[in-house]
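In what follows, a structure is listed as structure tokens, so that the remarks can point back to it.
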Amino acid sequence: MMQTCDGTGCSRSSPVREKVRSADEIRAISNRVNRIEGQVRGIGNMIKENRYCDDVLTQIAAARESLAGLGRIILEQHLRTCVAERLSEGDLSVVDELVSTLERYRG
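Convert by adding 273 to the 1-based position in the sequence shown; the result is the number in the numbering used here.
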């Protein structure tokens with residue numbers, strides 16, 4: 274089922290779900306993803322260079338925190354748009370979906 278949430282409503286018509294984001298949101302998220310990719314590549318390089326384990330673990334922790342920050346941004350956007358819109362439409366199934374999402378996200 275297609276679900277498009279663009280700040281004006283969600284549509285559900287096929288198995289693919291979408292979240293329409295503004296150009297500014299896409300740019301900010303893409304910048305974060307690019308930084309995370311760079312961090313992960315850096316970790317790979319550290320391994321190839323036989324860097325000290327503690328230094329590698331420090332970089333892994335930094336990358337993990339960067340991913341967590343990105344997740345918080347996406348979660349907030351999801352709550353403010355898709356979830357809020359579906360609730361305003363009376364679609365309470367979004368609550369079960371959100372609980373499942375939070376369980377996966379939190380581990």
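Every residue gets a Cβ at the ideal spot worked out from N, C-alpha and C, and that includes glycine.
- Annotated three-state conformation of ARG324 is coil, per DSSP.
- Taking the Cβ atoms as the reference, ALA335 lies roughly 23 Å from GLN350, outside the contact range of under 8 Å.
- In the same chain as LEU360, and ignoring 5 residues on each side of it, the C-beta atoms closer than 7 Å to its own belong to VAL367, in chain order.
- The beta carbon of ALA296 sits closer than 7 Å to none of the beta carbons in its chain outside the five residues before and after it.
- The count of Cβ pairs closer than 8 Å, one atom from the region 337-348 and one from the region 316-323, stays below three, leaving the stretches out of contact.
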